[in-house]
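Chemist: Here's a structure for you.
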Amino acid sequence: MNRIIIAGLMAFAVSCTPVKQSTSNVSLKEAFNKKFYIGTAMNLQQIHGTDQKSVEIIKQQFSSIVAENCMKSMFLQPAEGKFFFDDADQFVAFGEKNKMFIIGHTLVWHSQAPKWFFTDSNGNNVTPEVLKQRMKNHITTVVSRYKGRVKGWDVVNEAILEDGSYRKSKFYEILGEEFIPLAFQYAHEADPNAELYYNDYNEWYPGKIQAVSKMVKKLKSQGIRIDGVGMQAHVGMDAPSIDEYEKAMVAYAETGVKVNVTEMEISALPSPWGNSANISDTVAYKKEMNPYTQGLPANVQTQWEKRYVDFFSLFLKHSDKIRRVTLWGVTDLHSWKNDFPIKGRTDYPLLFDRQDQAKPVIEKIVKLTGE
Numbered sequence: 001m002n003r004i005i006i007a008g009l010m011a012f013a014v015s016c017t018p019v020k021q022s023t024s025n026v027s028l029k030e031a032f033n034k035k036f037y038i039g040t041a042m043n044l045q046q047i048h049g050t051d052q053k054s055v056e057i058i059k060q061q062f063s064s065i066v067a068e069n070c071m072k073s074m075f076l077q078p079a080e081g082k083f084f085f086d087d088a089d090q091f092v093a094f095g096e097k098n099k100m101f102i103i104g105h106t107l108v109w110h111s112q113a114p115k116w117f118f119t120d121s122n123g124n125n126v127t128p129e130v131l132k133q134r135m136k137n138h139i140t141t142v143v144s145r146y147k148g149r150v151k152g153w154d155v156v157n158e159a160i161l162e163d164g165s166y167r168k169s170k171f172y173e174i175l176g177e178e179f180i181p182l183a184f185q186y187a188h189e190a191d192p193n194a195e196l197y198y199n200d201y202n203e204w205y206p207g208k209i210q211a212v213s214k215m216v217k218k219l220k221s222q223g224i225r226i227d228g229v230g231m232q233a234h235v236g237m238d239a240p241s242i243d244e245y246e247k248a249m250v251a252y253a254e255t256g257v258k259v260n261v262t263e264m265e266i267s268a269l270p271s272p273w274g275n276s277a278n279i280s281d282t283v284a285y286k287k288e289m290n291p292y293t294q295g296l297p298a299n300v301q302t303q304w305e306k307r308y309v310d311f312f313s314l315f316l317k318h319s320d321k322i323r324r325v326t327l328w329g330v331t332d333l334h335s336w337k338n339d340f341p342i343k344g345r346t347d348y349p350l351l352f353d354r355q356d357q358a359k360p361v362i363e364k365i366v367k368l369t370g371e
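Numbering (the UniProt record's numbering), first residue to last: 1 to 371.
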């Protein structure tokens with residue numbers, strides 16, 4: 001709550017020219033209706049209707065939704081056998097009421113899994129048999145509850161590193177590579193009609209492309225259902241190049257699955273990656289990494305809009321390969337990029353501004369479709 005209040009005060013304090021509303025009468029979901037689903041992630045304020053302005057944007061503009069946090073295992077099953085479905089139930093009900101393509105995110109992920117999942121009463125790693133049973137119980141309980149309602153699941157999230165090796169998570173430490181086919185098997189058994197996806201970031205790195213493609217082919221050769229690869233698309237102004245991203249999209253599609261652009265936003269801020277860890281002037285560094293507290297300069301705004309247009313042009317070029325494109329949030333105010341990787345940064349990565357206004361880039365994106 002403190003973060004929201006601070007961000008809200010910042011929005012009022014900023015003195016800049018208001019962002020012009022899009023003059024197009026065509027919404028994003030109307031423009032892309034015959035191409036692919038266009039979606040957004042929903043936070044708890046939106047799911048429970050306390051952020052009504054964002055809710056109206058979601059209803060008007062998007063045809064698909066995914067829960068930002070409330071369907072991750074640490075929230076759904078904080079203690080073994082004790083499930084909490086209130087937020088997830090509300091999220092799914094919202095999607096059904098508004099006739100949206102609902103995505104469940106995520107069944108197996110090392111980062112936001114509860115600690116009990118991997119340990120026994122003495123704090124030691126559980127046996128492979130115990131972890132398999134816990135995975136099966138969690139996946140079966142969750143997927144069965146929303147059978148026929150949630151249309152697609154991010155089954156496994158972020159299991160591969162940029163060099164193509166497996167992340168040394170607790171899932172991998174205890175079960176090895178087997179945890180991935182098991183997760184897909186359990187999900188399919190719980191809802192045979194749901195689409196099942198593998199989801200990851202830095203998805204354009206050559207080593208990751210090769211490893212994920214190999215994994216998808218192996219699952220399919222074993223008769224295990226997998227319908228898509230999720231490309232998170234947390235991108236910046238410089239990397240990846242459009243050519244790099246296109247090569248990745250084509251490579252994943254060639255494995256026989258659809259491409260899902262799952263968590264897209266474009267950060268306008270400089271990247272801290274690659275800077276020295278021994279920074280003597282921390283204040284100067286933080287200022288350098290947070291340069292646009294009063295709004296984007298005109299030249300940066302132009303470059304940022306072009307970046308979005310270039311990506312959506314690419315998506316339209318390969319629309320036959322794409323199932324959906326999902327933005328990771330609705331407005332700049334609530335984007336996680338404001339505090340990542342340095343707390344207090346002010347970023348402008350999404351299609352709607354801090355005052356819930358449509359940015360001019362939306363009209364440019366819509367025009368790409370010919371609508």
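Even glycine gets a Cβ: it sits at the ideal position worked out from N, Cα and C. Computed from a prediction, not measured in an experiment: that's the story for all the values here.
1) Keeping to the same chain, check which residues put their C-beta closer than 7 Å to that of Lys29; ignore five residues upstream and five downstream.
2) Are the Cβ atoms of Ser267 and Lys337 separated by less than 9 Å?
3) Would you report the Cα separation of Lys367 and Met135, rounded to the nearest angstrom?
4) Run through DSSP, which three-state label would Phe85 get?
5) Buried or exposed: Glu178, going by 16 or more other Cβ atoms within 10 Å of its Cβ?
6) Within its chain, find whatever has a CB closer than 7 Å to the CB of Ile4; leave out the 5 residues flanking it on each side and keep chain order.
7) Name the one or two DSSP bridge partners that residue 413 has.
8) When the distance is taken between beta carbons, is Val330 closer than 9 Å to Phe312?
9) For Phe117, which option in Pro78, Ile226, Phe340 and Val250 has the closest C-alpha, if you only look at C-alpha atoms?
10) For Glu203, which of helix, strand or coil comes out of DSSP?
11) What's the call for Ile242, buried or exposed, on a 16-neighbour Cβ count within 10 Å?
12) Between the beta-carbon of Lys72 and the beta-carbon of Ala31, is there less than 9 Å?
13) Does the region 117-127 touch the region 150-168, meaning 3 or more C-beta pairs lie closer than 8 Å?
14) Quick one: what's Leu196 bridged to in DSSP?
15) Go to Phe171, then tell me how far its alpha helix (DSSP H) extends in each direction, as first and last residue.
16) Would you call Glu263 buried or exposed, if buried means 16 or more other Cβ atoms sit within 10 Å of its Cβ?
17) Looking at the secondary structure, which residues open and close the beta strand (DSSP E) in which Tyr308 lies?
18) What is the DSSP secondary structure of Tyr37, counted as helix, strand or coil?
19) Check for me: the alpha helix (DSSP H) holding His188 runs from which residue to which?
20) So what's Val26 in DSSP terms, helix, strand or just coil?
21) Just tell me which of Val250, Ser213, Pro297 and Phe171 has its CA closest to the CA of Ile322.
22) So, at 7 Å on beta carbons, what are the nonlocal neighbours of Ile102 in its own chain, with the 5 sequence-adjacent residues on each side left out?
23) Given this structure, state the Cα-to-Cα distance separating Ser144 from Gln294, to the nearest angstrom.
24) Label Ala159 either buried or exposed according to how many other C-beta atoms from any shown protein chain fall within 10 Å of its C-beta, with 16 as the threshold for buried.
25) Could you tell me the alpha carbon to alpha carbon distance between Lys59 and Val261, rounded to whole angstroms?
26) State whether the region 227-239 contacts the region 194-210, with contact taken as three or more CB pairs (one from each stretch) at a distance under 8 Å.
27) Does the beta-carbon distance from Met237 to Trp304 come in below 9 Å?
28) If we ignore side chains and look at the alpha-carbon of each, how far apart do Ile139 and Val361 end up?
29) With H, G and I counted as helix, E and B as strand and the rest as coil, what does DSSP make of Val55?
Modeler: Judging by the given coordinates:
1) So the list reads Ile38, Gln61, Phe62 and Ser63, once near-sequence residues are dropped.
2) Yes; because the gap between Cβ atoms is below 9 Å, this pair is in contact.
3) 45 Å
4) If DSSP states are grouped into helix, strand and coil, Phe85 belongs with coil.
5) With fewer than 16 Cβ atoms within 10 Å of its Cβ, Glu178 is classed as exposed.
6) Any reading at Ile4 is ruled out, since the residue's pLDDT is 39, under 50, leaving its predicted position unreliable.
7) Here the chain has residues from 1 to 371 only, and residue 413 is not among them.
8) Not a contact, by the Cβ cut-off of 9 Å.
9) Pro78
10) Collapsing the DSSP output to three states places Glu203 in coil.
11) Label assigned to Ile242: exposed.
12) no
13) no
14) Trp153
15) Lys170 to Leu175
16) buried
17) For Tyr308, no beta strand (DSSP E) segment is defined; the enclosing uninterrupted segment is the alpha helix (DSSP H) at Ala298 to Lys317.
18) strand
19) Per DSSP, His188 belongs to the alpha helix (DSSP H) from Phe179 to Ala190.
20) In the structure shown, Val26 sits in coil (DSSP, three-state: anything other than H, G, I, E or B).
21) Val250
22) Ile65, Val92, Gly95, Arg149, Val150 and Lys151
23) One C-alpha to the other measures close to 48 Å.
24) Looking at its Cβ environment, which holds 16 or more other Cβ atoms inside 10 Å, Ala159 is buried.
25) 20 Å
26) Yes, they touch.
27) yes
28) 39 Å
29) helix
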